[in-house]
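To start, the structure under review is shown below, and the notes come after it.
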Amino acid sequence: MNSYQIDQSGFYGSYGGAYIPEILYKTVEDLRRQYLPIIESEEFLHEYYQLLRDYVGRPSPLYYARRMSERYGCRLYLKREDLNHTGAHKINNAIGQVLLARRMGKRRIIAETGAGQHGVATATVCALMGLPCRVYMGALDVKRQHVNVERMRMLGAEVYPVESGNKTLKDATNEAIRDWCCHPADTFYIIGSTVGPHPYPDLVARLQSVISQELKVQLQEKEDRPWPDVLMACVGGGSNAAGTIYHYLDDTRVRIVLAEAGGLGIDTEQTAASLNIGTVGILHGSRIKVMQTEDGQIIEPYSISAGLDYPGTGPMHCNLFETGRATVLPVNDDEALRAAFELTRLEGIIPALESSHALALLPKMKFRPDEVVVLTVSGRGDKDLDTYLKHMPQQETKNK
Ligand SMILES: *Cc1c(COP(=O)(O)O)cnc(C)c1O
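Heads up, the sequence shown is in this note's numbering, so the first residue is 139 and it goes up one at a time.
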């Protein structure tokens, strides 16, 4: 049983673990010993679910997409994480980790961010709780994601531009880890996806598992059975996908099909498809598949979607991919863009570019007409409007 869940020693199959410097051992060990008793306690769950309901707006709707269903010949439901406060699923995790930090007596929050989405979610919850917050961000990303930087500053967070390396996410993460090493006693490091040393991947997966917990109830209501035939989501580090599949991992009636960012194509240098083309390595304290050169230097990933261009994928998904439990297909920039315009015009929903990668799986699939398909729309597309407008198809422009 539970063969696809984490094991006693913090591994999913051969992936995961906690490969950390000596100086962090005690901090990570404290977290490992305390996280389950705290997040499973009645008192924690009461506060967590109350905030998810009244602050985030959960449960997020499960929407039957009629016109998309007709086009793809199935019964397609969209799990609407785009309707959450701050516009994506990341807030579920940020709330949970801040509540955990408080109960562990940590009064200072740090985080790393690439596109800025996790930084905004963390800064939001820190404002709510009145906690000081520093967000590490590559200096290049600070320039590229200006609006999110302003949002974090307005929320009271200190955005710390990282000038080392390529000045992107990987360098921001290294700097956050350095900070954590220096302030282990009072500082909690909030990781934004199912990555990092054990227990982070499991912690984040559990905090996002509210998605599939709600799916069970919502599918029972709408389809008279708690499981779908197919689950679909996009994978960056893996957290919205992990939340979507969590309670169905060991239910083999449910097919799992995930999208990772193909960029300009997996046969080009411009890609972020680390499951399909990566090799095993240690990144950010975890044994996972990473995009690296033969001598172990990280290859800078590329995707049109800033939230998917992480050079690795979390250990849960590495194991699901390797065992064949999940099908993981690369989706290229142009396919994701096409899917975004299609959803917008058929259902009136502008998806985040990340979520568009999951939507672009649909034309690659073959469904039976009665199959129940649930696809998670991880976020809304407001943040991606500039990119969408730049790539607006000719006829859609004329349509107006
Ligand atoms: C960050 C982000 C992702 C990718 O992260 P995961 O941890 O793989 O879910 C996907 N969609 C949106 C909207 C995001 O902000």
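The C-beta atom is built at its ideal place from N, Cα and C for all residues, glycine as well.
Buried/exposed call for residue i, threshold 16 Cβ in 10 Å
i, result
"Tyr-150", "buried"
"Leu-183", "exposed"
"Thr-431", "exposed"
"Gln-346", "buried"
"Gln-356", "buried"
"His-208", "The sequence given here places Glu at residue 208; His does not occur at that position. Exposed."
"Arg-191", "exposed"
"Lys-228", "buried"
"Ile-233", "buried"
"Lys-538", "Note that Lys-538 scores a pLDDT of 48, beneath 50, so its modelled location is shaky; the value from the coordinates is reported in the next line. Answer is exposed; the Cβ neighbour count stays below 16."
"Gly-334", "buried"
"Thr-382", "buried"
"Ala-427", "In the sequence on display, residue 427 carries Lys and not Ala. It counts as buried."
"Asp-388", "exposed"
"Glu-480", "buried"
"Ser-441", "buried"
"Gln-255", "buried"
"Pro-337", "buried"
"Ser-377", "buried"
"Met-370", "buried"
Heavy atom of ligand 1 within 7 Å of residue i beta-carbon
i, result
"Ala-464", "no"
"Ser-493", "yes"
"Thr-332", "yes"
"Lys-228", "yes"
"Asn-457", "no"
"Leu-396", "no"
"Ala-490", "yes"
"Gln-146", "no"
"Gly-294", "no"
"His-223", "no"
"Asn-286", "no"
"Asn-378", "yes"
"Val-373", "yes"
"Gln-430", "no"
"Ser-516", "yes"
"Ser-445", "Residue identity differs from the one stated: residue 445 is Gly in this sequence, not Ser. Within the cutoff, so yes."
"Gln-255", "yes"
Helix, strand or coil at residue i according to DSSP, with G and I counted as helix
i, result
"Asn-286", "helix"
"Lys-244", "coil"
"Ala-343", "helix"
"Tyr-448", "coil"
"Arg-177", "Sequence check: residue 177 is Ile here, not Arg. DSSP places Ile-177 in helix when its eight states are reduced to three."
"Gly-151", "coil"
"Asp-522", "helix"
"Asn-222", "coil"
"Phe-479", "helix"
"Leu-189", "helix"
Alpha carbon of residue i to alpha carbon of residue j, nearest angstrom
i, j, result
"Glu-181", "Arg-483", "44 Å"
"Gly-416", "Ser-302", "24 Å"
"Cys-372", "Gly-268", "33 Å"
"Gly-89", "Leu-189", "The chain is shown from 139 up to 538; residue 89 falls before or after that span and cannot be answered."
"Leu-500", "Thr-525", "22 Å"
"Met-530", "Ile-488", "13 Å"
"Asn-304", "Ser-494", "27 Å"
"Ala-203", "Gly-519", "18 Å"
"Pro-339", "Gln-532", "43 Å"
"Met-429", "Lys-521", "27 Å"
"Ile-158", "Arg-425", "11 Å"
"Glu-313", "Leu-214", "42 Å"
"Arg-391", "Asp-367", "7 Å"
"Leu-341", "Phe-326", "14 Å"
"Lys-281", "Arg-246", "26 Å"
"Ala-277", "Ile-248", "17 Å"
"Ala-156", "Glu-407", "30 Å"
"Gly-252", "Tyr-448", "9 Å"
"Gly-403", "Gly-211", "27 Å"
"Asn-144", "Met-454", "It should be noted that the sequence gives Ile, not Asn, for residue 144. So the alpha carbons of these two residues sit roughly 8 Å apart."
"Val-285", "Val-273", "15 Å"
"Glu-185", "Asp-405", "47 Å"
- Message: Below 8 Å, how does it come out for the stretch 223 to 239 and the stretch 169 to 185: are there three or more Cβ pairs, yes or no?
- Response: Output reads yes: the stretch 169 to 185 touches the stretch 223 to 239.
- Task: Kindly confirm or deny that the stretch 447 to 459 and the stretch 511 to 519 touch, where touching means at least three C-beta pairs closer than 8 Å.
- Result: no
- So, do the stretch 284 to 295 and the stretch 361 to 372 have three or more beta carbon pairs nearer to each other than 8 Å? no
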